[in-house]
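Each remark here refers to the structure printed beneath this line.
Number of protein chains: 2
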Amino acid sequence: MLTSSQRQLVRVISESGPLSRTEMAQLLGLSKAAMSGISRELIDLGVLHETETVYGQGRPSVRLDLHPECAYFVGISLLEDPAPMILCDLNGKIIARQAMPLSRDPNVIADAITQGLPSLFGTHPDAREKLSGIGVALSGFVDETQSNCVQSTLLNWQDVPLARIIRERSGIETFIENDAKAVAVSEKLFGSAREIQSFSVVSLGDGIGCAHFIDGKLYRGKHGGAGEIAHCTIEPGGSPCRCGKRGCLDTVASMKAIKEMSRAEGIECVSLSDIEHEASTGNAAAIRVLHRAGSALGLAIANLIQINDPGMILITHVEGSFDGLFGTVVNQAVETNVLPRYAGQTPIRIKRVDGDVWARGAASIAAHNFLLGPNSN
Amino acid sequence: MLTSSQRQLVRVISESGPLSRTEMAQLLGLSKAAMSGISRELIDLGVLHETETVYGQGRPSVRLDLHPECAYFVGISLLEDPAPMILCDLNGKIIARQAMPLSRDPNVIADAITQGLPSLFGTHPDAREKLSGIGVALSGFVDETQSNCVQSTLLNWQDVPLARIIRERSGIETFIENDAKAVAVSEKLFGSAREIQSFSVVSLGDGIGCAHFIDGKLYRGKHGGAGEIAHCTIEPGGSPCRCGKRGCLDTVASMKAIKEMSRAEGIECVSLSDIEHEASTGNAAAIRVLHRAGSALGLAIANLIQINDPGMILITHVEGSFDGLFGTVVNQAVETNVLPRYAGQTPIRIKRVDGDVWARGAASIAAHNFLLGPNSN
DNA sequence: TTGATTTGTTCATTTTCTGAACTTAGTGTC
DNA sequence: GACACTAAGTTCAGAAAATGAACAAATCAA
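Chains as they are written, first to last, in the working numbering: chain A, 1 to 377; chain B, 1 to 377.
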């Protein structure tokens with residue numbers, strides 16, 4: 001375990017990239033003397049290492065960076081079947097990948113993970129020794145200890161202490177997290193939100209997920225429900241949603257909803273690209289569907305911006321591209337529904353992610369706990 | 001200035017009320033020995049004092065509480081003309097009250113404040129010596145140093161360093177804050193949100209204001225715009241708003257909008273009560289107006305709950321009551337637009353406030369800086 | 001080569017917190 | 001009413017963490 005000051009140092013490097021000891025001292029408000037000691041400890045622990053030397057006037061400064069191979073993490077996504085299981089380093093680089101059968105029985109999951117570990121480490125014996133934690137991403141509500149799944153509709157769970165079970169079986173520190181929140185953490189740790197203190201991630205897939213970082217910390221909300229944007233009412237009195245109410249964003253803008261609406265309109269489609277293609281050839285129904293979905297998502301994001309004024313919105317999507325009609329409509333809808341003074345002030349980044357998002361997100365939860373400690377201290 | 005540990009201690013007492021040294025030690029994770037020292041320092045400084053003795057098994061514990069008369073604060077609201085100016089203690093109790101002419105010239109404001117101070121202290125010479133800060137609440141955007149007004153439409157300001165100007169004229173530590181954010185701070189410090197870490201305040205008046213506390217800290221947003229719920233689009237394509245877009249919450253649910261809509265419907269009204277009265281006698285137009293306004297506000301609050309999952313929503317209102325149709329519709333709209341799983345999970349408190357809200361909010365900004373330091377460390 | 005400049009280290013000192021023993025002020029029991 | 005028992009709060013020596021100032025190191029500029 002790292003001390004509180006070691007953690008602070010690790011945090012600034014994780015946010016800002018390689019820094020010299022003097023720069024870190026200024027950023028943390030500590031003396032150069034303190035910095036000297038703390039960084040030596042971390043170098044001895046193998047967490048930091050010296051990288052490039054920067055020449056200027058006076059003695060050149062030596063930048064310190066996290067040592068990517070100082071710790072390894074396993075990430076598992078319970079959102080797909082078979083469940084992906086990856087091994088990655090402190091940079092989020094995936095070293096090995098395999099899959100395990102998905103189950104709804106936490107004991108079976110714990111066993112599958114434990115049994116899967118040896119082959120995952122197959123060609124990386126050193127990673128085995130430096131394994132510092134397992135992270136699991138799932139669809140549902142997770143408590144603030146990142147140990148218990150309070151409720152998951154998909155897995156049909158209610159108060160399942162999954163992390164504890166896996167920890168007991170495998171003997172390895174384990175944390176679980178909600179899928180969208182895990183993606184937000186991985187973007188903060190490994191991705192494009194490193195230096196941003198407050199941002200929201202909107203993840204577009206079969207469903208719509210969302211999570212917020214606020215002042216450098218993942219914000220869970222009182223009941224772990226911060227970011228449940230999918231069930232914001234966007235079309236009052238609209239189509240019924242599986243949640244029980246009507247007009248939720250999820251019923252109009254999720255990939256599942258877009259495809260269903262398209263099929264209802266008689267459009268043959270398997271993916272978003274199909275519908276985009278139809279729209280580009282002038283199919284009025286396809287255009288209508290994409291307009292409806294895009295406006296809804298754009299309005300929801302605009303509301304999010306108005307309410308939270310984040311430093312960035314990161315939209316991650318698995319399917320298709322954002323260059324088509326859908327993306328254009330989303331952007332337009334955001335602009336027209338945001339206070340004109342703010343229009344264009346909030347960067348909206350689009351990121352196409354691969355099938356590893358959830359597993360990488362899961363691994364980032366373990367990495368986050370290793371680097372910054374539990375409860376994001 | 002207090003040390004960091006003294007601040008931590010002051011914070012838990014401010015949040016939890018009187019505590020014994022042992023309780024504080026547990027809450028802060030410090031040793032009893034450390035607690036003993038820190039609390040003695042604060043008692044010597046006059047910030048804390050011993051209150052009641054609690055008998056149980058063993059030696060009775062002595063609860064420590066903030067000493068209300070250890071510091072005094074001046075709060076000024078620039079939202080009304082004449083501008084109220086109050087003097088209050090650490091409990092938010094108003095000791096003296098007066099008014100000063102409102103101006104758009106920051107220098108004139110600073111002079112008016114400086115000249116107004118002596119008479120404000122008239123009968124309270126001791127408060128004069130213990131004056132620890134001035135707070136100013138205004139409508140507009142304030143930067144995170146609580147010194148500069150980045151922009152205010154009402155005052156027609158752009159980058160006005162009001163706090164610095166007042167500080168120079170008066171020689172007293174001064175901070176400024178956005179009106180809604182000031183109210184949120186006063187509720188956290190003096191009001192009904194003391195022990196709640198994450199909550200949002202929705203202040204209903206001529207306009208609609210909103211501010212969030214997240215994990216115990218005021219959240220300003222990247223551009224200071226967190227909480228600009230008034231310009232969330234609630235009725236897409238609805239009436240034009242003075243902000244330039246259409247269908248903003250402000251165009252339907254602010255007191256100003258409600259009254260305007262009512263008058264357009266031919267209802268004679270000066271206050272919300274008049275319209276409520278009309279509605280209660282069966283006036284269909286009045287019912288329609290209140291329904292429209294209430295549904296809009298309820299939907300906006302439901303979106304806020306979905307997005308942020310706060311531990312409480314506090315609705316403050318100056319006019320009328322929430323017992324009538326308007327309040328009922330708001331509550332209904334919140335319930336029907338929130339994920340059914342969450343319905344009723346987020347307490348919604350209604351608080352009728354008097355004309356001192358803004359000035360008291362302003363004073364709380366000064367008190368917050370005295371107790372917890374700048375940047376809410 | 002010399003001086004200027006800035007990074008990073010060393011070390012004695014100060015500050016802050018801890019652990020353990022101790023004092024204090026009650027309750028409960030016989 | 002004496003005595004044990006309990007828990008709060010204090011004291012104090014010592015550990016831990018950070019500081020300030022002096023210094024060593026590494027480069028550039030002249």
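Cβ atoms here follow ideal geometry from the backbone N, Cα and C, with glycine treated the same way.
Should residue i be flagged as near chain A, meaning a C-beta pair shorter than 8 Å?
i: C149 (chain B); result: no
i: N377 (chain B); result: Note that N377 (chain B) scores 46 on pLDDT, short of 50, meaning its location in the model is unreliable; the coordinates nonetheless yield the value given after this. It does not: the Cβ of N377 (chain B) has no partner Cβ on chain A nearer than 8 Å.
i: S198 (chain B); result: yes
i: P310 (chain B); result: yes
i: I313 (chain B); result: no
i: Q306 (chain B); result: yes
Any beta carbon of chain B sitting closer than 8 Å to that of residue i?
i: G221 (chain A); result: yes
i: K256 (chain A); result: no
i: F370 (chain A); result: no
i: G320 (chain A); result: no
i: A363 (chain A); result: no
i: T3 (chain A); result: no
i: N178 (chain A); result: no
i: T114 (chain A); result: no
i: T51 (chain A); result: no
i: R11 (chain A); result: no
i: I229 (chain A); result: yes
i: A367 (chain A); result: no
Excluding sequence positions up to five away, which residues of its chain have a Cβ less than 7 Å from the Cβ of residue i?
i: S295 (chain B); result: V329, A333
i: T251 (chain A); result: G238, S239, C241, A257
Residues of chain B with CB closer than 9 Å to the CB of residue i, please, in chain order.
i: I95 (chain A); result: Chain B residues near I95 (chain A): none, gap ~34 Å exceeds 9 Å.
i: Q345 (chain A); result: K222, H223, G225
i: A302 (chain A); result: C232, T233
i: Q332 (chain A); result: Within 9 Å Cβ-Cβ: nothing; Q332 (chain A) doesn't reach chain B, min ~13 Å.
For residue i, which residues in the same chain have their Cβ closer than 8 Å to its Cβ, ignoring the five residues on either side in sequence?
i: S31 (chain B); result: A25
i: I287 (chain B); result: A279, L325
i: A226 (chain A); result: A211, H212, Y219, R220
i: N429 (chain A); result: Residue 429 (chain A) is absent from the model: chain A starts at 1 and stops at 377.
i: I267 (chain A); result: D274, I275, E278, N283, A285, A286, V289
i: T51 (chain B); result: P18, V62, R63, L64, D65
i: A366 (chain B); result: F73, V74, G75, S132, G133, I134, G135, E173, T174, F175
i: R349 (chain A); result: S192, M312, I313, L314, I315
i: G232 (chain A); result: Note that residue 232 (chain A) is Cys in the sequence shown, not Gly. Excluding sequence neighbours, C232 (chain A) sits near C248, L249, A300, N303.
i: N331 (chain A); result: G298, I348
Quick one: list the residues of chain A neighbouring residue i, beta-carbon separation under 8 Å, in chain order.
i: L299 (chain B); result: T233, P236
i: C243 (chain B); result: L339, P340, R341
i: I208 (chain B); result: Result: empty, since nearest Cβ-Cβ is about 12 Å, beyond 8 Å.
Residues of chain B with CB under 7 Å from residue i, in chain order?
i: I214 (chain A); result: I214, Y219
i: T336 (chain A); result: K245
Between which residues of its own chain and residue i is the CB-CB distance below 6 Å, once the five residues before and five after are set aside?
i: N377 (chain B); result: Residue confidence for N377 (chain B) is low, a pLDDT of 46 falling below 50, so the modelled location carries little weight and cannot support an answer.
i: E129 (chain B); result: none
i: P236 (chain B); result: G247
i: R97 (chain B); result: I86
i: V393 (chain A); result: Any question about residue 393 (chain A) goes unanswered here, given that chain A covers just 1 to 377.
Can you name the residues that DSSP bridges to residue i?
i: G135 (chain A); result: A:G75, A:F175
i: K256 (chain A); result: None, per the DSSP bridge assignment.
i: D143 (chain B); result: In the DSSP output, where bridge partners are listed per residue, D143 (chain B) has none listed.
i: A96 (chain B); result: B:L87
i: Y219 (chain A); result: A:H212
Cα-Cα, which of the options is closest to residue i?
i: S273 (chain A); options: A:D309, A:S321, A:L249, A:L314; result: A:S321
i: T153 (chain A); options: A:G298, A:L87, A:G207; result: A:G207
i: R104 (chain A); options: A:D44, A:L131, A:C149; result: A:C149
i: Q379 (chain B); options: B:I365, B:G171, B:R169, B:S139; result: Here chain B comprises residues numbered 1 to 377, so residue 379 (chain B) is not present and cannot be evaluated.
i: N178 (chain A); options: A:E195, A:Q8, A:H223, A:E15; result: A:H223
i: I109 (chain B); options: B:S186, B:P82, B:V338; result: B:P82
i: R360 (chain B); options: B:I113, B:R59, B:D89; result: B:D89
i: A300 (chain A); options: A:N156, A:K93, A:I234; result: A:I234
i: G46 (chain A); options: A:R194, A:R349, A:H67; result: A:H67
i: F190 (chain A); options: A:G56, A:G298, A:I13; result: A:I13
i: H49 (chain B); options: B:M35, B:C70, B:G56; result: B:C70
i: L162 (chain A); options: A:A230, A:I229, A:S186, A:L78; result: A:L78
i: A33 (chain B); options: B:G122, B:N369, B:T22; result: B:T22
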